[in-house]
Amino acid sequence: MVKLSTKKLHKGEHLFKEGDIAQEAYLIKSGYVSIWKTEDSQRVNLATKVEGEIIGEMALIDDTTRSATVTAQSDVEVEIITKVQLEAMLSNAPETLSAILHQLLESLRNSNDLITMYASRPVSNELRKNQT
3 MVKLSTKKLH KGEHLFKEGD IAQEAYLIKS GYVSIWKTED SQRVNLATKV
53 EGEIIGEMAL IDDTTRSATV TAQSDVEVEI ITKVQLEAML SNAPETLSAI
103 LHQLLESLRN SNDLITMYAS RPVSNELRKN QT
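With our numbering as the guide, the letters of the sequence shown map in order to residues 3 to 134.
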(Lines of atoms letter the chains of each structure in order from A and count residues from 1; the text may use other names and numbers.)
(Lines give C-alpha, C1' and ligand atoms only; values in the text may rest on other atoms or scores of the structure.)
Protein backbone atom coordinates (compact mmCIF):
# COMPACT_ATOMS: atom_id res chain seq x y z
CA MET A 1 0.00 0.00 0.00
CA VAL A 2 1.19 3.51 -0.84
CA LYS A 3 2.08 5.73 2.12
CA LEU A 4 -0.37 8.62 2.20
CA SER A 5 0.57 12.23 2.93
CA THR A 6 -0.93 13.77 6.04
CA LYS A 7 -2.43 17.14 6.88
CA LYS A 8 -3.10 18.63 10.31
CA LEU A 9 -5.86 21.09 11.16
CA HIS A 10 -6.57 23.02 14.31
CA LYS A 11 -10.04 23.29 15.79
CA GLY A 12 -12.13 25.67 13.67
CA GLU A 13 -10.09 25.30 10.47
CA HIS A 14 -11.84 24.30 7.26
CA LEU A 15 -10.59 21.23 5.42
CA PHE A 16 -12.57 22.39 2.38
CA LYS A 17 -15.54 24.60 1.61
CA GLU A 18 -18.76 24.06 -0.29
CA GLY A 19 -18.13 24.81 -3.97
CA ASP A 20 -14.38 24.04 -3.88
CA ILE A 21 -12.96 21.90 -6.67
CA ALA A 22 -12.36 18.36 -5.40
CA GLN A 23 -8.84 17.03 -5.82
CA GLU A 24 -8.55 14.75 -2.80
CA ALA A 25 -10.49 12.67 -0.31
CA TYR A 26 -9.39 12.34 3.30
CA LEU A 27 -9.16 9.58 5.90
CA ILE A 28 -9.52 10.92 9.43
CA LYS A 29 -6.62 9.61 11.55
CA SER A 30 -7.47 11.55 14.72
CA GLY A 31 -10.04 14.08 15.89
CA TYR A 32 -13.45 14.82 14.44
CA VAL A 33 -15.03 17.18 11.91
CA SER A 34 -18.46 18.59 11.16
CA ILE A 35 -19.96 18.60 7.68
CA TRP A 36 -22.33 21.48 7.03
CA LYS A 37 -24.01 23.69 4.45
CA THR A 38 -25.36 27.22 4.51
CA GLU A 39 -29.07 27.59 3.76
CA ASP A 40 -30.80 30.98 3.96
CA SER A 41 -27.73 32.41 5.75
CA GLN A 42 -27.94 29.71 8.44
CA ARG A 43 -25.57 26.85 9.10
CA VAL A 44 -27.19 23.43 8.69
CA ASN A 45 -25.18 20.59 10.24
CA LEU A 46 -25.32 17.47 8.10
CA ALA A 47 -22.99 15.07 9.91
CA THR A 48 -20.07 14.56 12.24
CA LYS A 49 -17.23 12.31 11.08
CA VAL A 50 -14.64 10.72 13.35
CA GLU A 51 -11.40 8.75 13.26
CA GLY A 52 -11.43 6.00 10.63
CA GLU A 53 -14.02 7.65 8.37
CA ILE A 54 -13.42 8.93 4.84
CA ILE A 55 -14.60 12.39 3.85
CA GLY A 56 -14.65 14.23 0.54
CA GLU A 57 -15.04 11.09 -1.54
CA MET A 58 -18.34 12.01 -3.20
CA ALA A 59 -17.04 14.96 -5.23
CA LEU A 60 -13.86 13.06 -6.05
CA ILE A 61 -15.76 10.05 -7.39
CA ASP A 62 -18.22 11.99 -9.54
CA ASP A 63 -15.94 14.92 -10.52
CA THR A 64 -18.11 17.66 -9.04
CA THR A 65 -17.43 20.51 -6.65
CA ARG A 66 -17.70 20.06 -2.90
CA SER A 67 -21.32 19.82 -1.78
CA ALA A 68 -20.64 20.95 1.81
CA THR A 69 -18.04 22.53 4.07
CA VAL A 70 -15.93 20.43 6.46
CA THR A 71 -14.63 22.08 9.64
CA ALA A 72 -12.36 20.62 12.33
CA GLN A 73 -14.17 20.39 15.67
CA SER A 74 -10.96 19.40 17.45
CA ASP A 75 -7.34 19.19 16.38
CA VAL A 76 -7.50 16.82 13.42
CA GLU A 77 -5.04 14.78 11.39
CA VAL A 78 -6.10 13.37 8.02
CA GLU A 79 -4.41 11.27 5.39
CA ILE A 80 -4.75 12.68 1.88
CA ILE A 81 -6.08 10.33 -0.81
CA THR A 82 -5.71 11.49 -4.42
CA LYS A 83 -8.15 10.49 -7.15
CA VAL A 84 -5.63 8.03 -8.61
CA GLN A 85 -5.02 6.49 -5.18
CA LEU A 86 -8.76 6.25 -4.49
CA GLU A 87 -9.41 4.56 -7.85
CA ALA A 88 -6.60 2.06 -7.16
CA MET A 89 -7.98 1.37 -3.67
CA LEU A 90 -11.47 0.78 -5.08
CA SER A 91 -10.15 -1.53 -7.82
CA ASN A 92 -7.77 -3.56 -5.69
CA ALA A 93 -9.49 -3.72 -2.32
CA PRO A 94 -13.14 -4.77 -2.27
CA GLU A 95 -13.28 -4.04 1.47
CA THR A 96 -12.45 -0.37 0.73
CA LEU A 97 -15.25 -0.20 -1.83
CA SER A 98 -17.63 -1.82 0.64
CA ALA A 99 -16.66 0.64 3.41
CA ILE A 100 -17.17 3.66 1.14
CA LEU A 101 -20.49 2.30 -0.12
CA HIS A 102 -21.63 1.75 3.47
CA GLN A 103 -20.63 5.32 4.37
CA LEU A 104 -22.43 6.76 1.32
CA LEU A 105 -25.59 4.86 2.22
CA GLU A 106 -25.38 6.16 5.78
CA SER A 107 -25.08 9.71 4.40
CA LEU A 108 -28.14 9.12 2.23
CA ARG A 109 -30.10 7.87 5.23
CA ASN A 110 -29.04 10.93 7.24
CA SER A 111 -30.12 13.18 4.35
CA ASN A 112 -33.50 11.46 4.27
CA ASP A 113 -33.86 12.02 8.01
CA LEU A 114 -33.05 15.73 7.59
CA ILE A 115 -35.57 16.07 4.76
CA THR A 116 -38.23 14.40 6.89
CA MET A 117 -37.43 16.63 9.85
CA TYR A 118 -37.63 19.85 7.82
CA ALA A 119 -40.72 18.72 5.93
CA SER A 120 -42.56 18.09 9.20
CA ARG A 121 -41.90 21.60 10.56
CA PRO A 122 -44.78 24.07 10.52
CA VAL A 123 -44.80 26.42 7.56
CA SER A 124 -43.48 29.81 8.61
CA ASN A 125 -45.66 32.91 8.52
CA GLU A 126 -43.35 34.39 5.88
CA LEU A 127 -43.92 31.43 3.58
CA ARG A 128 -47.67 31.56 4.18
CA LYS A 129 -47.71 35.24 3.11
CA ASN A 130 -45.90 34.41 -0.12
CA GLN A 131 -48.43 31.72 -1.01
CA THR A 132 -51.49 34.00 -0.71
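Even for Gly, the Cβ is constructed at its ideal location relative to N, Cα and C.
Please read these numbers as outputs of a predicted model, since none were measured by experiment.
Out of the options, state which residue places its alpha-carbon closest to the alpha-carbon of residue i.
{"i": "residue 56", "options": "93, 90, 34", "result": "34"}
{"i": "residue 73", "options": "63, 96, 115, 51", "result": "51"}
{"i": "residue 86", "options": "65, 44, 43", "result": "65"}
{"i": "residue 39", "options": "23, 31, 69", "result": "69"}
{"i": "residue 112", "options": "30, 54, 37, 24", "result": "37"}
Under the rule that 16 or more other beta-carbon atoms within 10 Å means buried, what is residue i, buried or exposed?
{"i": "residue 67", "result": "exposed"}
{"i": "residue 71", "result": "buried"}
{"i": "residue 26", "result": "buried"}
Quickly, what does DSSP pair residue i with across the bridge? List them, please.
{"i": "residue 82", "result": "28"}
{"i": "residue 120", "result": "For residue 120, which the question treats as bridged, DSSP gives no partner whatsoever."}
{"i": "residue 41", "result": "44"}
{"i": "residue 11", "result": "78"}
Measuring straight from C-alpha to C-alpha, what distance separates residue i and residue j?
{"i": "residue 45", "j": "residue 18", "result": "15 Å"}
{"i": "residue 30", "j": "residue 115", "result": "24 Å"}
{"i": "residue 6", "j": "residue 124", "result": "48 Å"}
{"i": "residue 59", "j": "residue 80", "result": "13 Å"}
{"i": "residue 63", "j": "residue 32", "result": "24 Å"}
{"i": "residue 94", "j": "residue 42", "result": "43 Å"}
{"i": "residue 1", "j": "residue 122", "result": "Residue 1 lies beyond the range of the chain shown here (3 to 134); nothing can be said about it."}
{"i": "residue 21", "j": "residue 61", "result": "10 Å"}
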